[in-house]
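Please read the structure below before turning to the comments.
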Amino acid sequence: SVYQVHKLFLIYFTKESLRIVVPLEDIDTQEKKTISFSCKVNRPNATIKWMKAGEEITFSKRVVYRVDKDKHTLTIKDCTLADEGEYTAVAGDDKSTAELIISEAPTDFTMQLKDQTVTEFEDAEFTCMLTKEKAEVKWYRNGREIREGPRCVSSVNNYRKKDECQHTGIILIFRYISLGSLPEGYDIEEPRLDVDASYSSPVVVMAGEVFKLEASVTGRPIPSLVWTKEGKELEDTAKMEIKTSDFHTTLINKDSLRRDGGTFTLTASNPGGFAKFIYNVKVLDRPGPPDSLTVTDVTAEKCVLNWLHPTHDAPSRDTLLRNVTRMVCVLG
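Take the sequence shown: its letter number 142 is residue 133 in the working numbering, and every next letter is one higher.
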């Protein structure tokens, strides 16, 4: 007998599940910048979902989704702090997550201050413009912060301009009001400084210690307070801290050195006049070496040593210095 055998082979082709082959990466940027999250999947021209904080993202002119074969890109233009968070690309049952961190952009000036020339008793107005609507602004004169008062007034105007794109900013105006512009009936009181009686004597500290000078002030309008040392205006630094409020000021010098001593002057002034107080500070350090040491009258039994007083001496706080400029010692 002849038998004919037929074998049947069935081949099944299954479509590979959509998956992400190149994941998202974290992004760290500043506000107002443009960023793009990108990933790649294993099939060209597929569609994936984009999520933020568990919710699907709605696309717009500012938030754009693009597909280029197997590459998927989410672009966010003009980032704000609200865009910060966790973003997820979902491809079928697969997903990739990355974080967007946005730091606050620095505030820039779009319009600088300009010099002003006015005659005495006229008002002076200074105007500048910033890139941000909400910014902490301080005004300074000669390195010292200006406090608002009857003669010093600042104001803020919101600014918004539309052209090809939208610009927002803030206009800051600072106005000096002349004495003649003070409200009618406004009383003027000349400044008066209230200083502790202990400052009538020199302030004496050892090297490395801290010394503090302080005073209270009265006057109307509120006086401005300026610290100077030997004619030079002092500024607030890490070593020399100057704290000034409307009616009180403190100068604190840390890690004192001999050269930190000297004459300090506090001046309070307003349209009614000015007041001054002078502080004397002495910082004591180790004495320097004797000067001009000489040996004279040398014999077998004795000799005479002569030297000048050290240029830098360091008496104790309780020692009253005598006016001695030359020392003699006889050794015998």
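Heads up, the beta-carbon is just placed ideally off N, CA and C, and yes, glycines get one too. Model, not experiment: these values are computed from the prediction.
Does the segment 36 to 49 come within contact of the segment 65 to 80, defined as at least 3 CB pairs closer than 8 Å?
yes
Note the first and the last residue of the continuous beta strand (DSSP E) segment covering residue 218.
For the purposes of this step, residue 218 is taken as residue 227 along the sequence shown, with counting starting at 1. Element bounds for residue 218: 215 to 220.
Hey, could you find the ends of the beta strand (DSSP E) residue 130 is sitting in?
Numbered from 1 along the sequence shown, position 139 holds the residue referred to as residue 130. Element bounds for residue 130: n/a, residue is neither H nor E.
When you compare each of 202, 259, 13 to residue 232 by their alpha carbons, which one comes out closest?
Taking the sequence shown and counting its residues from 1, the one referred to as residue 232 is at position 241. Residue 202 is the option with its Cα nearest to residue 232.
Distance, Cα to Cα, residue 115 vs residue 94?
Position 124 of the sequence shown, counted from the first residue, corresponds to residue 115. Position 103 of the sequence shown, counted from the first residue, corresponds to residue 94. Distance between the alpha carbons of residue 115 and residue 94 is about 37 Å.
Thinking residue 9 and residue 33 are a contact (beta carbons under 8 Å), I'd like their distance in whole angstroms, please.
On the sequence shown, residue 9 is found 18 positions in, with the first residue counted as 1. On the sequence shown, residue 33 is found 42 positions in, with the first residue counted as 1. Contact flag correct, Cβ pair sits at about 7 Å.
On the DSSP bridge list, what partners appear for residue 88?
Locating residue 88 in the sequence shown gives position 97, where the first residue counts as 1. 79.
Tell me, please, which residues DSSP counts as bridged to residue 33.
As a first step, residue 33 is located in the sequence shown; it is residue number 42 there, counting from the start. Looking at the DSSP assignment, residue 33 forms no beta bridge with any residue, so it has no partner.
Just to confirm before moving on: does the CB-CB distance between residue 193 and residue 244 stay below 8 Å?
As a position in the sequence shown, residue 193 is number 202, starting the count at 1. As a position in the sequence shown, residue 244 is number 253, starting the count at 1. No.
Could you check how far apart the C-beta atoms of residue 268 and residue 218 are, in whole angstroms? I think they sit under 8 Å.
The residue you call residue 268 lines up with position 277 of the sequence shown. The residue you call residue 218 lines up with position 227 of the sequence shown. Wrong, their Cβ atoms sit about 11 Å apart, outside the cutoff.
Relative to the C-alpha of residue 84, which candidate in 199, 54, 235, 11 has its C-alpha closest?
The residue given as residue 84 occupies position 93 in the sequence shown. Minimum Cα distance to residue 84 is reached at 11.
Anyone know if the C-beta pair for residue 31 and residue 53 falls short of 8 Å?
The sequence position of residue 31 within the sequence shown is 40, counting from 1. The sequence position of residue 53 within the sequence shown is 62, counting from 1. No, the Cβ-Cβ distance between residue 31 and residue 53 is not below 8 Å.
By a C-beta neighbour count over all protein chains shown, 10 Å radius and 16 as the cutoff for buried, is residue 73 buried or exposed?
Translated into the one-based positions of the sequence shown, residue 73 becomes position 82. Exposed.
Can you name the start and end residues of the beta strand (DSSP E) that residue 210 belongs to?
Position 219 of the sequence shown holds residue 210. Start and end: 202 to 211.
Helix, strand or coil for residue 59 per DSSP?
What you label residue 59 is simply residue 68 of the sequence shown in a count that begins at 1. In this structure, residue 59 counts as strand in the three-state DSSP scheme.
On a Cα-Cα basis, can you pick out the residue from 198, 261, 240, 212 that is closest to residue 225?
The residue labelled residue 225 in the question sits at position 234 within the sequence shown. The residue with the shortest Cα to Cα distance from residue 225 is 240.
For residue 260 and residue 182, which I take to be in contact (beta-carbon distance under 8 Å), what is that distance rounded to the nearest angstrom?
What you label residue 260 is simply residue 269 of the sequence shown in a count that begins at 1. What you label residue 182 is simply residue 191 of the sequence shown in a count that begins at 1. Correct: roughly 6 Å between the Cβ atoms.
Among all the DSSP beta bridges, which residues are the ones paired with residue 184?
Looking up residue 184 in the sequence shown gives position 193. 208.
With a threshold of 16 other CB atoms inside 10 Å of the CB of residue 274, please say whether the residue is buried or exposed.
Taking the first residue of the sequence shown as 1, we reach residue 274 at position 283. Per the 10 Å Cβ criterion, buried.
Would you mind sorting residue 97 into buried or exposed? The rule is 16 or more other CB atoms within 10 Å of its CB.
Your numbering for residue 97 matches position 106 in the sequence shown. Burial call: exposed.
State the CB to CB distance for the pair residue 198 and residue 184, rounded to an integer number of angstroms; the pair is presumed to be in contact (CB under 8 Å).
What you label residue 198 is simply residue 207 of the sequence shown in a count that begins at 1. What you label residue 184 is simply residue 193 of the sequence shown in a count that begins at 1. Residue 198 to residue 184, Cβ: 29 Å. No contact.
I'd like the span of the beta strand (DSSP E) that includes residue 100, first residue to last.
The residue you call residue 100 lines up with position 109 of the sequence shown. Looking at the DSSP string, the run of the beta strand (DSSP E) that includes residue 100 is 100 to 102.
Which residues in the same chain have their Cβ closer than 8 Å to the Cβ of residue 209, if we skip the five residues on either side of it in sequence?
For the purposes of this step, residue 209 is identified with residue 218 of the sequence shown, where counting begins at 1. Result list for residue 209: 180, 182, 183, 185, 238, in chain order.
Checking the sheet assignment: what are the DSSP bridge partners for residue 70?
Within the sequence shown, residue 70 is the residue found at index 79, counting from 1. Answer is none; residue 70 lacks a bridge partner.
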